[in-house]
Each structure stands twice: as C-alpha cells, then as structure tokens.
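Per UniProt numbering: the sequence shown = residues 1 to 476.
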Amino acid sequence: MTSPDAEPTSLYTAREPIFPRRVKGAFRTMKWWIMAVTLGIYYLTPWIRWDRGPNLPDQAVLVDLANRRFFFFTIEIWPHEFYFVAGLLIMAGLGLFLFTSAAGRVWCGYACPQTVWTDLYILVERWVEGDRNARIRLHRQGWDGEKIRKRALKWTLWLLIGLATGGAWIFYFTDAPTLAADLVQGTAHPVAYLTMLILTLTTFAFGGFAREQICIYACPWPRIQAAMMDEDTLTIAYRDWRGEPRGKLHQGEVAEGQGDCIDCMACVNVCPMGIDIRNGQQLACITCGLCIDACNDTMDRIGKPRDLIGYMALTDEVRERAGQTPKSVWSHVFRLRTVLYTVLWAGVGIGLVVALFLRSEIDVNVSPVRNPTFVTLSDGTIRNTYDIRLRNKSGSDETYSISVTSEAGLVLRLEGSADALVRVPANETLQQRVYVEAAPGSAAAVADRTELRLWVADTGSTARVHHDTVFNGKGQ
Ligand code: SF4
Ligand code: SF4
C-alpha cells in the first residue's frame with residue numbers, strides 16, 4: 001500500500017527531444033520520392049487550369065462551397081450527387097484496410113501528412129543545424145549568437161512552409177491566381193487570412209515540435225489498425241534469434257558466441273519516433289523502414305547478411321525460429337482477406353465510374369404543388385402546378401424545352417413564358433413553375449389521378465430526360 005506521505009506519481013512524462021540521424025538506403029529513397037510526389041500534388045494542383053465556362057474559375061480542382069459543388073478535371077459533383085463523395089470515402093477506407101492488413105502501418109510510415117511534413121521539417125532542421133550530433137550539441141548549449149541565428153533561420157523556414165501549406169489549402173476553394181493576388185494586396189476575405197493563419201501555426205507546431213507526439217497520443221489510427229492486422233501481416237521486426245546476444249565489435253576482434261547485432265545504435269539514432277525496435281514491436285513504430293536502412297548499412301560494413309531488421313510477419317518469425325524458410329512476401333500480400341478487400345474496393349470503384357458515365361448533363365427535379373392538389377379555372381379547366389428544378393451541368397448556357405406526354409391529352413404552360421423554353425446559365429440551377437391543364441369534361445379532368453411524363457430536352461443537343469408524376473382531377 002502506498003504511504004500517505006509518498007510523493008504522488010506523475011501521470012505526465014515530459015517529451016524527450018528526438019534528433020534523428022541522416023540515413024541512406026532503399027526505404028529512405030522511397031520516402032523522398034513519396035514526399036516529393038505528395039507535396040508536389042498538394043501544392044501545385046490548385047494552379048492547374050481547366051476551362052469551366054463563363055461562370056466559374058478555370059480551375060481543374062475546385063471546391064465550390066457556396067454552391068456545394070466539387071470539380072475534379074472533367075468530373076463535377078453536385079450536391080444531390082453526394083453519393084460520389086461517400087463512394088470515394090468508402091474506397092479510401094477500404095484502401096486503408098487493404099494496405100494495413102497486407103503491410104501494417106504503411107500509411108503512417110510513408111504517406112500520412114503528419115509523417116510527410118515532419119520529414120520535411122527535419123530535412124530543413126538538418127540543413128540549418130547539422131546532423132544528429134550537431135543538433136544535440138546546439139540543443140544543450142546556451143542561447144548564444146550561433147543558437148539564436150540558427151533557431152531564427154530554422155523557425156522562419158518552418159513558418160514559410162506552414163504559410164505555403166495553409167495558402168495551398170485555401171486555393172482549392174476559389175480561383176487560385178485571383179486569391180493569391182488578393183492575399184498579397186490585403187483585399188482577400190478575412191476568413192482566407194484566418195484559415196491560413198490557423199493552418200500555418202498548426203503545421204509549424206505539428207511538424208516542428210509535436211512530431212511523434214501526434215502519432216502516439218493524438219491519432220486514433222495506431223489503435224484502430226491493430227484490429228486489421230493478423231499473424232500474416234508484414235511489419236517491421238528485429239531478428240533477435242540472429243542478433244542476440246548483442247555486443248560491441250572492436251576493430252581486429254573476433255566476437256566469439258556473439259550475435260550479429262553490434263549494438264551500434266544506428267537503428268535507434270535514425271528512428272523518427274525515438275524507439276528501439278530491438279525491444280519488440282511497439283505502438284509508436286510507424287513502420288517507416290529507416291531502421292532497416294541503418295542496420296543494413298551496418299551489416300554491409302561488418303560483412304554480415306542484411307535484414308537483421310526487416311519486414312516480416314509473425315508466421316515468418318515462428319518459421320525462422322524453427323529453422324524453416326519463411327513464406328514469400330507475395331503469399332502475405334495475396335490472401336483471402338486482402339483479395340476480399342481488393343474486390344470490394346474495385347466493386348465500389350467500378351460502380352462509381354459506371355454511375356459517372358450514365359448520368360445526364362441535365363438534371364431535373366419535379367415537385368408537384370399539392371396545396372391545393374388542383375384548381376378549377378373560370379372556364380372549368382382543371383389545373384395542376386409543378387415546380388421543376390433544372391440543373392445545367394454543362395459549361396455553357398443552355399435552352400431547354402419542357403413538354404408533357406400523357407394518354408389523356410394534357411396541355412402544358414410555363415409561368416412567365418409564352419413558349420415552352422427555359423434558358424439556364426452554365427453551371428447554374430433554375431426553378432421553373434409549370435402548369436398542366438385538362439380541358440373541362442376531359443378524361444383527366446374527371447378522373448381521380450392520371451399518370452403523366454414531363455420531358456426536358458436540350459435544344460442544342462439530343463440530350464433529354466423525363467420525370468414521371470401524376471395529374472389530380474376532380475375524381476367524379
Ligand atoms: S522502429 Fe524503425 S520502422 Fe519503426 S518508426 Fe523507428 S525507424 Fe521507423
Ligand atoms: S543497427 Fe543493427 S547492428 Fe546496429 S544496433 Fe541496430 S540492430 Fe544492432
């Protein structure tokens with residue numbers, strides 16, 4: 001039992017700064033490429049131009065928040081087509097399940113924005129302050145001229161990256177060149193400045209200072225992913241049956257009875273999470289592969305086989321310990337679970353593509369006015385009213401003709417229009433009131449309900465769509 005006089009145990013441990021060392025190797029090279037591609041896409045996409053007609057910015061990727069629309073090159077998603085966004089989110093989720101069940105936290109280690117931006121911030125840090133040892137020395141020394149100068153330069157560069165990150169984000173929501181000019185001239189909307197400020201500061205804080213703390217404490221993904229991994233999932237592990245007992249290797253010495261690990265600490269020193277993979281798999285490991293590069297380099301130097309640290313599944317570990325050959329990588333990647341995820345992922349993708357090609361350029365929504373259900377005009381004509389919402393999804397102004405077909409000889413009139421034509425500007429929605437009338441004593445006038453079909457046709461093309469509804473008569 002704890003003595004009442006005992007000091008209370010703190011539940012908080014202060015962050016130990018991590019100074020990852022530079023490393024070269026296959027995984028590091030792959031991470032550089034992924035960083036270049038993902039950041040390139042993020043920063044440059046808003047600047048890709050695309051002809052969108054007279055009423056919209058000529059931007060290839062645009063989120064039109066005011067009208068709740070999304071433009072992606074040739075694809076336009078309107079508010080009533082939100083199922084496309086839902087489908088893409090489902091695909092993203094299934095993709096994460098697929099990659100996690102096949103190769104563990106590959107998303108965390110290679111493509112997560114937190115990893116990519118932290119990598120970029122560490123690159124800048126190393127460029128300004130030097131590699132691991134120089135940075136540790138600078139961290140420990142007092143605030144002299146050198147430290148103030150280097151910290152000021154590093155933080156300025158970090159802030160500029162944060163500013164570019166926040167700036168790029170808001171460019172997705174409006175015409176990028178116009179907004180850039182407005183931002184410089186100080187005439188942009190205050191929300192644009194506020195969003196940029198928030199994103200600049202969060203990028204600065206998350207990439208510069210919080211780093212691995214976000215992955216360990218703030219992100220729920222490490223906990224969720226455990227449910228998606230099994231004994232066949234590839235992940236990064238240390239072959240302790242080969243490496244232990246570890247021991248330092250001194251020049252000219254033959255290490256009798258010693259494992260392959262020479263305790264050089266290279267795997268620990270390069271780790272951006274500050275962990276020692278030799279202690280077993282840990283929640284903090286983002287499987288970035290840098291410890292593999294570091295250890296392979298050491299193994300090359302001492303003339304031992306590579307992959308003392310490497311990707312392996314739990315089943316491989318059992319086999320290797322028993323002196324058996326591990327299964328091939330592909331047998332871990334292609335198995336029932338991953339094939340199932342792939343089929344589901346492809347199914348949703350194919351469904352979205354088919355829906356995309358089948359949809360019409362004209363979108364029509366018909367709302368019958370049912371209060372009252374019909375009116376009787378002075379000459380005995382029975383009139384029903386309908387509100388038609390027309391969406392012109394093409395990039396040019398269009399004229400649509402509206403007509404009705406029915407076996408009961410109904411007549412259609414448009415409110416405010418002598419002919420049955422409606423002009424809808426490009427990328428706009430227009431509501432048109434429509435009257436359908438039955439002559440006195442006609443079948444539709446005396447019937448309770450008569451089925452009818454409203455047609456909307458583009459006068460400039462062959463495109464036309466219809467909507468089925470009913471006409472309410474007097475019901476005698
Ligand atoms: S232990 Fe290795 S794979 Fe895991 S985070 Fe550290 S360097 Fe990356
Ligand atoms: S890099 Fe390899 S040899 Fe060096 S300490 Fe890590 S596991 Fe041992």
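For glycine and all other residues, C-beta sits at the position ideal for the given N, C-alpha and C.
ask   = Can we count Gly-289 as close to ligand 1, meaning its CB is less than 7 Å from some heavy atom?
value = yes
ask   = By the 10 Å Cβ neighbour count, where 16 or more other Cβ atoms means buried, how is Trp-32 classified, buried or exposed?
value = exposed
request  = Quickly, what does DSSP pair Pro-368 with across the bridge? List them, please.
outcome  = Tyr-386
query = Do Cys-271 and ligand 1 come close, with the Cβ less than 7 Å from some heavy atom?
reply = yes
key: Cross-strand partners of Asn-472 (DSSP beta bridge)   = Arg-449
ask   = Once you ignore the five residues that flank Met-1 on each side, which residues in its own chain have a CB closer than 7 Å to its CB?
value = Any reading at Met-1 needs caution, since the residue's pLDDT is 48, under 50, leaving its predicted position unreliable; the model's value is listed next. So no residue of the chain qualifies.
key: Closest residue to Thr-325 among Phe-334, Thr-315, Leu-159 (Cα-Cα distance)   = Thr-315
Met-265 CB to nearest heavy atom of ligand 2 below 7 Å = yes
request  = Using 10 angstroms around the beta-carbon of Tyr-400, count the other beta-carbons present and answer buried if the total reaches 16, otherwise exposed.
outcome  = buried
ask   = What are the start and end residues of the beta strand (DSSP E) that includes Ile-77?
value = 75-77
message = Let's test the definition: count the other Cβ atoms within 10 Å of the Cβ of Asn-392 and tell me whether it reaches 16, buried, or not, exposed.
response = buried
inquiry  = By DSSP's criteria, Trp-455 is part of a beta bridge. Which residues make up the other side?
reply    = Ser-403, His-466
ask   = What's the gap between the Cα of Gly-310 and the Cα of Ala-14?
value = 31 Å
query = Thinking just about the alpha-carbon of each residue, which of Val-270, Thr-233, Glu-146 is nearest to the one in Thr-338?
reply = Thr-233
request  = For Tyr-121, count neighbouring C-beta atoms within 10 Å of its own C-beta (all shown protein chains included) and say buried if the count is 16 or more, exposed if not.
outcome  = buried
request  = Look up Asp-397 in the DSSP assignment and say whether it is helix, strand or coil.
outcome  = coil
ask   = Who are the near neighbours of Arg-319 in its chain, counting only those whose CB is closer than 8 Å to its CB and skipping five residues on each side?
value = Thr-325, Pro-326, Lys-327
query = Any idea if Gln-59 is buried or exposed, counting beta-carbon neighbours within 10 angstroms, 16 or more meaning buried?
reply = buried
ask   = Say the cut is 7 Å; is the CB of Cys-219 nearer than that to a heavy atom of ligand 1?
value = no
inquiry  = On the CB-based measure, 16 or more other CB atoms within 10 Å of its CB, does Ile-41 come out buried or exposed?
reply    = exposed
request  = Let me know the alpha helix (DSSP H) ranges lying completely inside the stretch 8-63, each 4 residues or longer, listed in chain order.
outcome  = 26-44
ask   = Touch check for the stretch 235-250 and the stretch 210-226: three-plus C-beta pairs under 8 Å?
value = no
query = Taking the Cβ atom as the reference point for each residue, do Ala-445 and Ile-382 lie within a distance shorter than 8 Å?
reply = yes
query = If you drop the 5 nearest sequence neighbours on each side, which residues of the same chain put their C-beta closer than 7 Å to that of Cys-264?
reply = Thr-298
key: Delimiting residues of the alpha helix (DSSP H) encompassing Phe-70   = That residue, Phe-70, is in no alpha helix (DSSP H); its beta strand (DSSP E) goes 69-72.
ask   = Just to confirm, are Ala-294 and Ala-266 a CB contact at a threshold of 8 Å?
value = yes
request  = Express the C-alpha separation of Arg-239 and Glu-317 in angstroms, rounding to a whole number.
outcome  = 8 Å
task = Whole angstroms is fine: what's the gap from Val-61's alpha carbon to Phe-71's?
result = 5 Å
task = In angstroms with no decimal places, state the Cα-to-Cα distance between Ile-275 and Glu-212.
result = 11 Å
Beta carbon of Thr-195 nearer than 8 Å to that of Gly-166 = yes
key: Rounded separation between Thr-373 and Tyr-386 - CA only   = 10 Å
Boundaries of the alpha helix (DSSP H) in which Ala-237 is found, first to last residue = Looking at the DSSP string, Ala-237 is not in any alpha helix (DSSP H); the run it does join, the beta strand (DSSP E), is 235-238.
ask   = DSSP beta-bridge partners for Leu-94?
value = The partner list for Leu-94 (beta bridge, DSSP) is empty, contrary to what the question assumes.
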